[in-house]
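Residue numbers (this note's numbering), protein chains in the order written: chain W, 1 to 108; chain H, 1 to 114. Yeah, the Cβ is synthetic: ideal placement off N, Cα and C, and Gly gets one too. Values in this document were obtained by computation on a predicted structure and should not be read as measured data. A quick write-up on the structure given underneath.
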Amino acid sequence: GQSLEQPSEVTAVEGAIVQINCTYQTSGFYGLSWYQQHDGGAPTFLSYNALDGLEETGRFSSFLSRSDSYGYLLLQELQMKDSASYFCAVGDGQNFVFGPGTRLSVLP
Amino acid sequence: NAGVTQTPKFRVLKTGQSMTLLCAQDMNHEYMYWYRQDPGMGLRLIHYSVGEGTTAKGEVPDGYNVSRLKKQNFLLGLESAAPSQTSVYFCATRGVPPGANVLTFGAGSRLTVL
């Protein structure tokens, strides 16, 4: 089976940096993904790590350590529009299992 | 280019009624998925398909059936709806490399069972 853990809520102020952690237990592993979901919307893809290390996409970065079964999403220069839920997901080759999600609130 | 389209967007059912949710994609993706999302529980996989004519069970398949008669369509059926199936349902698709690790989601279908 597969299970993922994330903090339920994170709060930060505009312009700050925030890190959302994800730990996982899986029977098969083909990479860690991150998705963003605004209230009432659909999840949208942010980032993917197949190998250890850091992937950077603009203000967002994602990190993976396969030996620790751990990854994180780093959001820099926070903006109000970043207030959303963030989900990590593990792929096993055919399916993707999602974490419970972290609700990020960005305060002015 | 619509991407992934789900119909209907909203539906209210009475316990015991049946209905079908339709997911249509125009991206020629092989993989299609049905997830349900409940507050605080993330997305849970109901059923999935790795290609036309194939289906498989996910994490929470009970009470649902699916069919993939055409590559572009993935149908999710509820034969006898129960209040526990009140949820938001998302369809997602996945293609081949280099996009093989990216899920593209539809806008969602909000179902209420009274």
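Buried or exposed by the 16-neighbour rule on C-beta atoms within 10 Å, applied to residue i
{"i": "W/S105", "result": "exposed"}
{"i": "W/N95", "result": "buried"}
{"i": "W/L54", "result": "exposed"}
{"i": "H/G42", "result": "buried"}
{"i": "W/T102", "result": "buried"}
Beta-carbon spacing of residue i, residue j below 8 Å
{"i": "H/V102", "j": "W/Y86", "result": "no"}
{"i": "W/A42", "j": "H/G108", "result": "yes"}
{"i": "W/F76", "j": "W/I17", "result": "At residue 76 of chain W the sequence reads Gln, which differs from the Phe that was named. In contact: W/Q76 and W/I17 (Cβ atoms closer than 8 Å)."}
{"i": "W/G91", "j": "W/S33", "result": "yes"}
{"i": "H/M32", "j": "H/T104", "result": "no"}
{"i": "H/Q37", "j": "H/L21", "result": "no"}
{"i": "H/R44", "j": "H/E30", "result": "no"}
{"i": "H/E79", "j": "H/R68", "result": "no"}
{"i": "W/L46", "j": "W/F60", "result": "yes"}
{"i": "H/T112", "j": "H/T86", "result": "yes"}
Contacts that residue i makes with chain W (C-beta to C-beta distance below 8 Å)
{"i": "H/V50", "result": "Q94"}
{"i": "H/A107", "result": "G41 and A42"}
{"i": "H/G58", "result": "N95"}
Chain H residues whose Cβ lies nearer than 8 Å to that of residue i
{"i": "W/S99", "result": "Here residue 99 of chain W turns out to be Gly, not Ser, going by the sequence shown. Within 8 Å Cβ-Cβ: G42."}
{"i": "W/F87", "result": "G42 and L43"}
Partners in chain H for residue i, counting only beta-carbon separations shorter than 9 Å
{"i": "W/Y48", "result": "N101 and V102"}
The ligand ADP heavy atom lying under 7 Å from the CB of residue i
{"i": "W/E77", "result": "With respect to the ligand ADP, the structure offers nothing, as it holds no ligand at all."}
Chain-ordered neighbours of residue i on chain H, where CB pairs are closer than 7 Å
{"i": "W/F45", "result": "V102 and L103"}
{"i": "W/S33", "result": "N101"}
{"i": "W/G58", "result": "The premise fails here: W/G58 is roughly 16 Å from chain H at the closest Cβ pair, so nothing lies under 7 Å."}
{"i": "W/G91", "result": "N101"}
Span of the beta strand (DSSP E), counted from its first residue to its last, around residue i
{"i": "H/N65", "result": "N65 to S67"}
{"i": "W/Y48", "result": "T44 to N49"}
{"i": "H/N73", "result": "N73 to L78"}
{"i": "W/E5", "result": "S3 to E5"}
{"i": "W/F29", "result": "Taken as a continuous stretch (DSSP letters only), W/F29 belongs to no beta strand (DSSP E), as it is neither H nor E."}
{"i": "W/G15", "result": "Segment: none, W/G15 is in no beta strand (DSSP E) and carries neither H nor E."}
{"i": "H/L114", "result": "Unbroken run through H/L114: none, as it is neither H nor E."}
{"i": "W/V97", "result": "F96 to F98"}
{"i": "W/G91", "result": "A84 to G91"}
{"i": "W/M80", "result": "Run containing W/M80: none; DSSP gives neither H nor E here."}
{"i": "W/G53", "result": "G53 to T57"}
Residue-chain proximity (residue i, chain A), Cβ-Cβ < 8 Å
{"i": "H/L111", "result": "In summary, chain A is missing from the structure at hand, where the protein chains are W and H."}
Per-residue contacts from residue i into chain W (C-beta, under 9 Å)
{"i": "H/F90", "result": "A42 and P43"}
{"i": "H/G53", "result": "By Cβ distance, chain W contributes nothing, its closest Cβ being about 16 Å from H/G53, past 9 Å."}
Flag this pair as touching only if the stretch 10–17 of chain H and the stretch 62–69 of chain W have three or more C-beta atom pairs under 8 Å; answer yes or no.
-> no
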